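Colleague: First residue of the sequence shown? That's 1436 in the working numbering, and the numbers climb one at a time after it.
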Amino acid sequence: VRELLPNNLLNEIMFEMSEEIDFEKIPFLKNNFSSNSLRKIALAFSKQKFYKGQTIFSRGESTDFSLYLILKGKVSCSLPLNEEKLKIMSMNEIIGLEQFFGNRPRNFTLQALTRKVVLLKLSKEDFLNSLEKAQDFDKFCEIRDQVQMQNDFEDLGIQCKLCGSQKHPQNACGFFFATHKPQVMAN
1436 VRELLPNNLL NEIMFEMSEE IDFEKIPFLK NNFSSNSLRK IALAFSKQKF YKGQTIFSRG
1496 ESTDFSLYLI LKGKVSCSLP LNEEKLKIMS MNEIIGLEQF FGNRPRNFTL QALTRKVVLL
1556 KLSKEDFLNS LEKAQDFDKF CEIRDQVQMQ NDFEDLGIQC KLCGSQKHPQ NACGFFFATH
1616 KPQVMAN
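1. For the 8 Å Cβ check, are there 3 or more pairs between the stretch 1489–1504 and the stretch 1565–1581?
2. Can you give me the start and stop residues for the beta strand (DSSP E) that CYS1576 sits inside?
3. Please report the residue range of the alpha helix (DSSP H) in which GLU1532 lies.
4. What is the rounded straight-line gap between the Cα of PHE1543 and the Cα of LEU1566?
5. Would you say GLN1570 and GLU1589 are within 8 Å of each other, going by their C-beta atoms?
6. How should CYS1598 be labelled, buried or exposed, when 16 other C-beta atoms within 10 angstroms of its C-beta is the threshold for buried?
7. Considering only their Cβ atoms, is the gap separating LEU1473 from PHE1463 smaller than 8 Å?
8. Does the distance from the CB of LEU1555 to the CB of ILE1456 come in under 8 Å?
9. Using a 10 Å radius around the Cβ and a threshold of 16 neighbouring Cβ atoms, would you call ALA1613 buried or exposed?
10. Just tell me which of LYS1568, ILE1461 and GLN1483 has its CA closest to the CA of LYS1551.
11. If distances are taken between C-alpha atoms only, which option among PHE1500, VAL1510 and ASN1466 comes closest to SER1525?
12. Give every residue of the same chain whose Cβ lies closer than 8 Å to the Cβ of ARG1541, excluding the five residues on either side of it in the sequence, and list them in chain order.
13. Leaving aside the five residues before and after ALA1547 along the sequence, list all residues of the same chain whose C-beta is less than 7 Å from its C-beta, in chain order.
So, in structure tokens, the structure goes:
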């Protein structure tokens, strides 16, 4: 569809999207990919709205490895078995890096907590199609391999909120399994 738009309209859309997407808030993109690719990635985001109580995705889903950026509102991450809230997330937080790079099923359910939640969604397919240079694709593959083979999240800036390690996701932390009841974590 983008190819069908006149250049002036495409530039205007790009400018508006880039105003909404602050790449300073998404350091793994800014630090790992070229500025040309970032401009195309900004266009690949789609805005989605959810309302209080609406499920955005459920634990175990493995067909959509999209990445989400919260623009407005709050969401809760919870385990569906006991509906315990593991974490409350709000504006400018990123959701789904582990799934995006690791091709892993969702390990929690994400639900809108406030009256209106606005998210920017980036599908993996659109992201890959936006990569402008071979070096950008190589960097994606490097990060993906670190996540999938070594559980290394350092390039993504992900850190286990329980112990501070960048070598495992939070749900695989020994501290997570040491307690009988999941803890509510604040930012």
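Quick reminder that beta carbons are idealized off the backbone N, C-alpha and C, glycines included.
All values derive from a computational prediction rather than experimental measurement.
Modeller: The relevant details are as follows:
1. no
2. Counting from one through the sequence shown, the residue named residue 1576 turns up at place 141. Taken as a continuous stretch (DSSP letters only), CYS1576 belongs to no beta strand (DSSP E), being part of the alpha helix (DSSP H) at 1569–1585.
3. Within the sequence shown, the letter at position 97 stands for residue 1532. Looking at the sequence provided, one finds Leu at residue 1532 rather than Glu. Here the alpha helix (DSSP H) through LEU1532 covers 1532–1537.
4. Within the sequence shown, residue 1543 is the residue found at index 108, counting from 1. Within the sequence shown, residue 1566 is the residue found at index 131, counting from 1. Distance between the alpha carbons of PHE1543 and LEU1566: 29 Å.
5. By 1-based counting over the sequence shown, the position of residue 1570 is 135. By 1-based counting over the sequence shown, the position of residue 1589 is 154. Not a contact, by the Cβ cut-off of 8 Å.
6. Here residue 1598 corresponds to residue number 163 of the sequence shown, with the count starting at 1. Exposed, because fewer than 16 other Cβ atoms sit within 10 Å of the Cβ of CYS1598.
7. For this step, residue 1463 is matched to residue 28 along the sequence shown. For this step, residue 1473 is matched to residue 38 along the sequence shown. No, the Cβ-Cβ distance between PHE1463 and LEU1473 is not below 8 Å.
8. Residue 1555 sits at position 120 when you count from the first residue of the sequence shown. Residue 1456 sits at position 21 when you count from the first residue of the sequence shown. Yes.
9. Residue numbering aside, residue 1613 sits at position 178 when the sequence shown is read from its first letter. Low local confidence applies: a pLDDT of 49 at ALA1613 is under 50, so the model's placement there is unreliable, with the coordinate-based value given in what follows. ALA1613 is exposed by the Cβ-count criterion.
10. Residue mapping note: residue 1551 aligns to position 116 of the sequence shown, counting from 1. Minimum Cα distance to LYS1551 is reached at GLN1483.
11. For the purposes of this step, residue 1525 is taken as the residue at position 90 of the sequence shown. Looking at the Cα atoms, VAL1510 is the closest of the given residues.
12. In the sequence shown, counting from the first residue as 1, residue 1541 sits at position 106. Excluding positions up to five away in sequence, the list reads PHE1492, SER1493, ARG1494, GLY1495, GLU1496, SER1497, GLY1531 and GLN1534.
13. The residue given as residue 1547 occupies position 112 in the sequence shown. Closer than 7 Å at Cβ, skipping near neighbours: PHE1485, TYR1486, LYS1487, GLY1488, GLN1489, ILE1491, GLY1508 and VAL1510.
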